[in-house]
Amino acid sequence: MLQSTVSIGKIVATFGLKGELVLSHGLGKKSDFKGVTVLFVEMNRGNEIPYFLENAKPKSVAETWIKFEGIDSKEAAASLLQKQVWMAEDAFQKAVAAKAIIALLGYTVIEDGKLIGTVCEVIEQ
């Protein structure tokens with residue numbers, strides 16, 4: 082059975098020489114992804130590849146330094162730049178701040194008693 086995933090942000094930079102990355106996310110709080118073993122990177126549209134977290138360290142409310150297993154050089158890390166990052170829905174529910182914009186995913190929108198739809202994506206510009 083395939084598990085449902087949620088887009089949390091994208092990889093915006095590399096740092097260091099050993100494959101470390103900067104993940105820009107919308108979780109609404111500093112996150113070290115404690116308890117999360119895998120993140121999914123969208124290599125091509127609709128093609129999410131699992132990458133196992135070696136470690137993660139919060140940089141700010143919107144960014145986390147991450148290191149994936151098997152990504153051991155700056156060149157290998159560069160191949161993941163600007164890629165969307167997804168996480169399993171159950172892990173997302175535990176990691177997201179209640180007031181974060183992406184916490185609205187899954188909510189039903191009703192106007193004047195009429196069902197409009199369900200929030201399935203949040204695009205910030």
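Counting along the sequence shown from 1, when you hit position 54 you're at 135 in the numbering used here, and nothing is skipped either side.
Backbone N, C-alpha and C fix where the C-beta goes; we use that ideal spot for every residue, glycine too.
Item to check | For residue 94, the nearest candidate out of 136, 121, 157 (CA to CA) | outcome: Translated into positions along the sequence shown, residue 94 becomes position 13. Comparing alpha-carbon positions, the option among 136, 121, 157 lying closest to residue 94 turns out to be 157.
Item to check | Below-8 Å beta-carbon distance, residue 195 vs any chain B residue | outcome: Absent from the structure is chain B; it holds one protein chain and no more.
Checklist entry - Who does residue 86 pair with in a DSSP beta bridge? => result For the purposes of this step, residue 86 is identified with residue 5 of the sequence shown, where counting begins at 1. Its beta-bridge partners are 169.
Checklist entry - If you compare alpha carbons, which of 165, 122, 136 is closest to residue 64? => result Shown here, the chain extends from 82 to 206; a query on residue 64 therefore has no answer.
Next on the checklist: Taking contact to mean 3 or more Cβ pairs, one atom from each stretch, closer than 8 Å, check whether the stretch 100-108 and the stretch 122-131 are in contact.
Outcome noted: Fewer than three Cβ pairs drawn from the stretch 100-108 and the stretch 122-131 lie within less than 8 Å of each other, which leaves the two stretches out of contact.
Next on the checklist: As a quick exercise: from 87, 116, 112, 124, pick the residue whose alpha carbon is nearest that of residue 163.
Outcome noted: By 1-based counting over the sequence shown, the position of residue 163 is 82. Distance check between residue 163 and each of 87, 116, 112, 124 places 124 closest, using alpha-carbon atoms only.
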